[in-house]
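Q: Using the working numbering, you'd call the opening residue of the sequence shown number 413 and step up by one each time. Glycine is no exception: its CB is placed at the ideal position from the N, C-alpha and C atoms. All values reported here derive from a predicted model rather than from experimental measurement.
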Amino acid sequence: MSRVGRARPKESRWRRLFWAAFPHVCLILSVVVYSLLGALMFTQIEGSVDPRTEEYDEFLDQLWNISQSTCDSDGNSSLHPKQNFTVQASHLMKDFKVEWNKTPQIQWSFLGSLFFCCTVFTTVGYGHLSPVTDGGKFACIAYASVGIPLMLLLLADLGDLLAAILSKSYCAIQKAWSRRVSRQSASLLSTRFSSHRNTKQGTASKPELVVPLNQRVAFKEPLSITEVVKRHQLVKKKSAVLRNRDIFEMIIAKEHLKLLSVNDLKLGRCRSCPELDKMPLAHSAMEDFDKIGKELNKLNVPIFLIVFIVVAYTLCGASILLIWEKDWNYVDAFYFCFITLTTIGFGDIFPNHPNYFLGLSVYTVIGMAIMVMAFKLGQDRLVGCYKQSISCISGGKARKYSKA
413 MSRVGRARPK ESRWRRLFWA AFPHVCLILS VVVYSLLGAL MFTQIEGSVD PRTEEYDEFL
473 DQLWNISQST CDSDGNSSLH PKQNFTVQAS HLMKDFKVEW NKTPQIQWSF LGSLFFCCTV
533 FTTVGYGHLS PVTDGGKFAC IAYASVGIPL MLLLLADLGD LLAAILSKSY CAIQKAWSRR
593 VSRQSASLLS TRFSSHRNTK QGTASKPELV VPLNQRVAFK EPLSITEVVK RHQLVKKKSA
653 VLRNRDIFEM IIAKEHLKLL SVNDLKLGRC RSCPELDKMP LAHSAMEDFD KIGKELNKLN
713 VPIFLIVFIV VAYTLCGASI LLIWEKDWNY VDAFYFCFIT LTTIGFGDIF PNHPNYFLGL
773 SVYTVIGMAI MVMAFKLGQD RLVGCYKQSI SCISGGKARK YSKA
């Protein structure tokens with residue numbers, strides 16, 4: 413029976429974990445499947461069409477005609493025709509397209525199309541690749557109309573999840589550190605009081621520790637003669653003088669009463685009058701405030717930690733890009749990562765190796781989720797700083813009228 417009893421809680425724990433992660437996993441899988449389907453679609457639509465068939469041939473014919481018109485009958489060019497050719501060719505080069513340098517099989521490969529889909533639903537839009545056929549343009553419109561809301565939903569979900577994980581981890585570390593400090597201080601106090609009790613037996617009796625009956629207990633060293641005279645009027649009864657053992661017993665009893673108070677109140681109400689058990693307790697409002705405070709404290713993550721995570725993730729991406737792109741320096745790699753994660757996407761710098769587009773797509777999605785997490789954790793502080801700034805500028809008038 414004991415083995416069965418142990419197996420059931422473990423099984424229920426894994427079941428709860430599975431159903432808790434189930435909606436997040438389904439949302440991630442839906443985005444992955446949608447990306448793969450989009451990559452297959454654009455590979456079939458744009459990969460089989462060569463954009464250089466008509467427009468590129470017309471461009472070459474115009475360039476050839478300009479070169480022939482500037483040559484003399486002997487085939488030699490003078491100074492004036494050279495200048496004329498430069499002016500006409502510079503005007504013609506404005507119509508030149510970068511995609512003419514690459515074949516569609518390289519541009520619209522499966523990995524290239526997958527990265528194009530990632531730039532569409534993440535709204536980065538580098539501009540390095542775009543559909544040229546009418547079917548591809550309509551497909552891009554329909555794909556973005558569904559993919560962008562789906563991606564925003566995924567980013568919001570992952571941002572909330574990462575924010576909860578980071579805040580809980582920070583709170584757990586903070587609690588563990590506070591427990592360690594309290595244990596060290598308690599052991600230090602116990603050693604001090606035990607040594608004081610041992611040295612106290614052979615000497616004259618001195619006034620001991622005075623503890624007020626409130627929620628906080630303060631330990632103090634033995635008082636001097638002047639302090640005893642000053643505080644003699646406050647100590648009139650011998651019952652106010654407690655020993656160290658009584659102090660610790662009082663703390664334990666108080667914590668025990670806190671745990672039993674709510675259950676005793678509910679049980680007494682239920683026995684005396686069952687109708688009253690349906691009504692809220694008198695301290696339910698305070699419990700609600702405590703719950704609200706706990707929920708707010710869960711997101712109490714320092715700003716420097718949030719900024720450190722964002723900068724560290726960007727630096728890690730820049731370091732990886734330096735391995736992939738041999739022609740880049742660290743500034744270019746960091747600049748590209750920042751432009752990508754903030755969805756600015758100028759398109760002035762772009763990786764040249766399509767084999768790493770899959771890893772870059774995963775890096776972009778995770779990085780944007782981290783950006784959402786950082787904004788979620790820091791938005792309360794930003795709003796608070798903004799309100800304080802407005803209050804300082806207006807001299808408190810804006811706050812008064814906002815309350816009214």
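1. Please report how far the alpha carbon of Ile-440 lies from the alpha carbon of Phe-430, in whole angstroms.
2. Compare the C-alpha of Leu-472 against each of Cys-583, Gly-807, Leu-504 and Tyr-538 and name the closest.
3. What's the C-alpha gap between Ala-781 and His-765?
4. Could you tell me the alpha carbon to alpha carbon distance between Asn-712 and Tyr-798, rounded to whole angstroms?
5. Determine, using beta-carbon pairs with one atom in the segment 767-782 and one in the segment 566-585, whether at least three such pairs fall under 8 Å.
6. By a C-beta neighbour count over all protein chains shown, 10 Å radius and 16 as the cutoff for buried, is Cys-749 buried or exposed?
7. Does the segment 547-563 come within contact of the segment 454-462, defined as at least 3 CB pairs closer than 8 Å?
8. Select from Gln-519, Ile-478 and Trp-520 the residue whose C-alpha is nearest the C-alpha of Gln-500.
9. Under 8 Å by Cβ, that's how I've got Phe-527 and Phe-769 pegged, so tell me the actual separation to the nearest angstrom.
10. Mind checking Leu-565: buried by the 16 CB within 10 Å criterion, or exposed?
11. On the criterion of 16 or more Cβ atoms from any shown chain inside 10 Å, does Tyr-775 qualify as buried, or is it exposed?
12. Would the beta-carbon of Thr-545 fall within 8 Å of that of Tyr-538?
13. Rounded to whole angstroms, how far is the Cβ of Ile-751 from the Cβ of Phe-758, which I believe are closer than 8 Å?
14. Can we count Val-713 as close to the ligand FMN, meaning its CB is less than 7 Å from some heavy atom?
15. Please determine, among Gln-495, Lys-494, Ala-433 and Ser-542, the residue with the shortest C-alpha to C-alpha distance to Val-461.
16. Distance, Cα to Cα, Lys-706 vs Glu-737?
17. Apart from the five residues just before and just after Glu-687, which ones in its own chain have a Cβ nearer than 8 Å to its Cβ?
18. Tell me whether His-436 sits in a helix, a strand or coil according to DSSP, three-state version.
A: Concretely, from the data shown:
1. Taking the sequence shown and counting its residues from 1, one reaches residue 440 at position 28. Taking the sequence shown and counting its residues from 1, one reaches residue 430 at position 18. One C-alpha to the other measures close to 15 Å.
2. The residue labelled residue 472 in the question sits at position 60 within the sequence shown. When each option's Cα is compared against that of Leu-472, the closest is Leu-504.
3. Reading the sequence shown from its first residue, position 369 is the one you call residue 781. Reading the sequence shown from its first residue, position 353 is the one you call residue 765. Using only the alpha carbons, I get a separation of about 25 Å.
4. As a first step, residue 712 must be located in the sequence shown, where it is residue number 300. As a first step, residue 798 must be located in the sequence shown, where it is residue number 386. CA-to-CA, the gap between Asn-712 and Tyr-798 works out to about 18 Å.
5. Segment contact: the segment 767-782 against the segment 566-585, three or more CB-CB distances shorter than 8 Å; contact assigned.
6. Numbered from 1 along the sequence shown, position 337 holds the residue referred to as residue 749. The residue in question, Cys-749, is buried, as its Cβ has 16 or more Cβ neighbours within 10 Å.
7. Contact between the segment 547-563 and the segment 454-462 is present, because at least three Cβ pairs lie under 8 Å.
8. On the sequence shown, residue 500 is found 88 positions in, with the first residue counted as 1. Residue Ile-478 holds the alpha-carbon nearest to the alpha-carbon of Gln-500 among Gln-519, Ile-478 and Trp-520.
9. Along the sequence shown, one-based indexing puts residue 527 at 115. Along the sequence shown, one-based indexing puts residue 769 at 357. Contact between Phe-527 and Phe-769 holds, since their C-beta atoms are separated by about 4 Å, short of 8 Å.
10. Position 153 of the sequence shown, counting from 1, holds the residue named residue 565. Looking at its Cβ environment, which holds fewer than 16 other Cβ atoms inside 10 Å, Leu-565 is exposed.
11. Locating residue 775 in the sequence shown gives position 363, counting from the first residue. Label assigned to Tyr-775: buried.
12. As a position in the sequence shown, residue 545 is number 133, starting the count at 1. As a position in the sequence shown, residue 538 is number 126, starting the count at 1. No. Outside cutoff.
13. Locating residue 751 in the sequence shown gives position 339, where the first residue counts as 1. Locating residue 758 in the sequence shown gives position 346, where the first residue counts as 1. A Cβ-Cβ separation of about 6 Å places Ile-751 in contact with Phe-758 under the 8 Å criterion.
14. What this structure holds is no ligand at all, so the ligand FMN is not there to describe.
15. Residue mapping note: residue 461 aligns to position 49 of the sequence shown, counting from 1. Residue Ser-542 holds the alpha-carbon nearest to the alpha-carbon of Val-461 among Gln-495, Lys-494, Ala-433 and Ser-542.
16. What you label residue 706 is simply residue 294 of the sequence shown in a count that begins at 1. What you label residue 737 is simply residue 325 of the sequence shown in a count that begins at 1. The predicted position of Lys-706 is uncertain, since its pLDDT is 46 and thus under 50; a value taken from the coordinates is nonetheless stated next. Cα to Cα, the separation comes out at about 47 Å.
17. Along the sequence shown, one-based indexing puts residue 687 at 275. Because the pLDDT of Glu-687 is 49, which lies under 50, any placement of that residue in the model is unreliable, and the number read from its coordinates should be weighed accordingly. Taking C-beta separations shorter than 8 Å and ignoring five residues to either side along the sequence, Glu-687 has no partners in its chain.
18. Locating residue 436 in the sequence shown gives position 24, where the first residue counts as 1. Reduced to three states, the DSSP call for His-436 is helix.
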